[in-house]
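**Q**
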Amino acid sequence: MGTLNISEIRRINLRKIAEKHVSGHDRKGYQALTKKIGCHHSYLSQILKENPTKDIGPGFARKAEKALGLEPHSLDTPPWLSNLKDNIPDREQTIQEGIIKVAETFLITTTLPVMEVVNGNLKETGQTRHILGNASDRAFITHAIDRSMEPIINQHQLIAVDPALPLEDGVICLYWDGGGVVMGKYLGRNGGEIHPANEDRYRPIYLNQVSGGKYLGRIFKRLEQDF
Numbered sequence: 085m086g087t088l089n090i091s092e093i094r095r096i097n098l099r100k101i102a103e104k105h106v107s108g109h110d111r112k113g114y115q116a117l118t119k120k121i122g123c124h125h126s127y128l129s130q131i132l133k134e135n136p137t138k139d140i141g142p143g144f145a146r147k148a149e150k151a152l153g154l155e156p157h158s159l160d161t162p163p164w165l166s167n168l169k170d171n172i173p174d175r176e177q178t179i180q181e182g183i184i185k186v187a188e189t190f191l192i193t194t195t196l197p198v199m200e201v202v203n204g205n206l207k208e209t210g211q212t213r214h215i216l217g218n219a220s221d222r223a224f225i226t227h228a229i230d231r232s233m234e235p236i237i238n239q240h241q242l243i244a245v246d247p248a249l250p251l252e253d254g255v256i257c258l259y260w261d262g263g264g265v266v267m268g269k270y271l272g273r274n275g276g277e278i279h280p281a282n283e284d285r286y287r288p289i290y291l292n293q294v295s296g297g298k299y300l301g302r303i304f305k306r307l308e309q310d311f
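In this note's numbering, the protein residues as written are 85 to 311.
#1: Are the beta-carbon atoms belonging to L300 and P250 less than 8 Å from one another?
#2: My output table needs one value for Y299: the three-state DSSP class, helix, strand or coil.
#3: So, for L128: in the same chain, excluding its five sequence neighbours on each side, which residues have a beta-carbon less than 6 Å away from its beta-carbon?
#4: Around the Cβ of D221, are there at least 16 other Cβ atoms within 10 angstroms (buried) or fewer (exposed)?
#5: Just to confirm my understanding: we take A148, look at its own chain, exclude 5 residues before and 5 after, and list those with CB closer than 6 Å. What are they?
#6: By the 10 Å Cβ neighbour count, where 16 or more other Cβ atoms means buried, how is N97 classified, buried or exposed?
#7: Would you give the residue range spanned by the alpha helix (DSSP H) that R146 belongs to?
#8: With distance defined between alpha-carbon atoms, name the residue in T194, P162, I90, P197 nearest to F144.
#9: Do the CB positions of A228 and A244 come within less than 8 Å of each other?
#10: Which partner residues does K305 have in the DSSP bridge list?
#11: Apart from the five residues just before and just after R94, which ones in its own chain have a Cβ nearer than 8 Å to its Cβ?
#12: Go to L258, then tell me how far its beta strand (DSSP E) extends in each direction, as first and last residue.
#13: M267 to I101, Cα distance in whole Å?
#14: Cα separation between F304 and I256?
#15: For E92 and L216, what's the separation of their Cα atoms in angstroms?
#16: Take the Cβ of K150 as the centre, count every other Cβ of all protein chains shown within 10 Å, and call the residue buried at 16 or more, exposed below.
#17: Since I believe L258 is in contact with I225 (beta carbons under 8 Å), could you give me their beta-carbon distance rounded to a whole number of angstroms?
#18: Along the beta strand (DSSP E) that carries L216, what are the first and last residues, could you check?
#19: Could you have a look at K269 and say whether DSSP puts it in helix, strand or coil?
#20: Going by the CB atoms, is the gap between W260 and K298 shorter than 8 Å?
#21: Specify the secondary structure class of I229 as computed by DSSP and reduced to three states.
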């Protein structure tokens, strides 16, 4: 059973709106829609195409809702929970059929504690955050210390970390190197390397050779400001 993140939910809803305004390859209709929203047509194309290259952030979502006369946060509402459910085109339903089955009629969310990393240990802050989907009972939320390579994670952004998730090439990990928190991309070669985004500041970490450090977990979600 799969889940949708908030950006994907916004994308589905915007696609439905676009299909109401644009028929086939109607360039004029597409340009009219982008003008109404107040964005360049190439940007709208990038966020709505089948293999999108951009996420839909809260700023653009609120701007589009206002321009289109929608209620605030209506683009964030999963289509199968809204009164627009019956208007989902068959083609869109087919594309999403593997991930729309989210407990049939409701969205799965998990509440995770917000933690600080102090000397390699997790310290409770007393705060919690909700995420879409499931996570293990060891998962937690914390602030990114440094900016990571692709996929981009910005400094101070809230991230969800789960030490129970398996390591795979290309995933971003959190690690305490004995002096500070390092955020980097895991590569399985040479016994397992974590390559920090800023390699001028941090050297690659080899998981099978470390001493005095601690692997904190795999980053599996970036939280947006309005979620």
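Glycine is no exception: its CB is placed at the ideal position from the N, C-alpha and C atoms.
**A** Walking through what the data contain:
#1: Cβ atoms of L300 and P250: not closer than 8 Å.
#2: Collapsing the DSSP output to three states places Y299 in a strand.
#3: Contacts found: T118.
#4: Flag for D221 reads exposed.
#5: The answer, listed in chain order, is I121.
#6: Answer is buried; the Cβ neighbour count reaches 16.
#7: Start and end: 142-151.
#8: Considering only T194, P162, I90, P197, the residue with the shortest C-alpha distance to F144 is I90.
#9: Result no, Cβ atoms of A228 and A244 do not sit closer than 8 Å.
#10: A244.
#11: If we look at R94 and ignore the five residues flanking it on each side, its Cβ neighbours are I140, A145, L159, D160.
#12: 256-260 is the span of the beta strand (DSSP E), which, as asked, contains L258.
#13: Cα to Cα, the separation comes out at about 38 Å.
#14: Here the alpha carbons of I256 and F304 stand approximately 8 Å from one another.
#15: Here the alpha carbons of L216 and E92 stand approximately 11 Å from one another.
#16: Exposed, since its Cβ has fewer than 16 Cβ neighbours within 10 Å.
#17: Not confirmed; about 11 Å, so no contact.
#18: Element bounds for L216: 205-216.
#19: Strand.
#20: Against a cut-off of 8 Å, the Cβ pair of W260 and K298 comes out as a contact.
#21: Looking at I229 - three-state DSSP - the assignment turns out to be coil, as it is neither helix nor strand.
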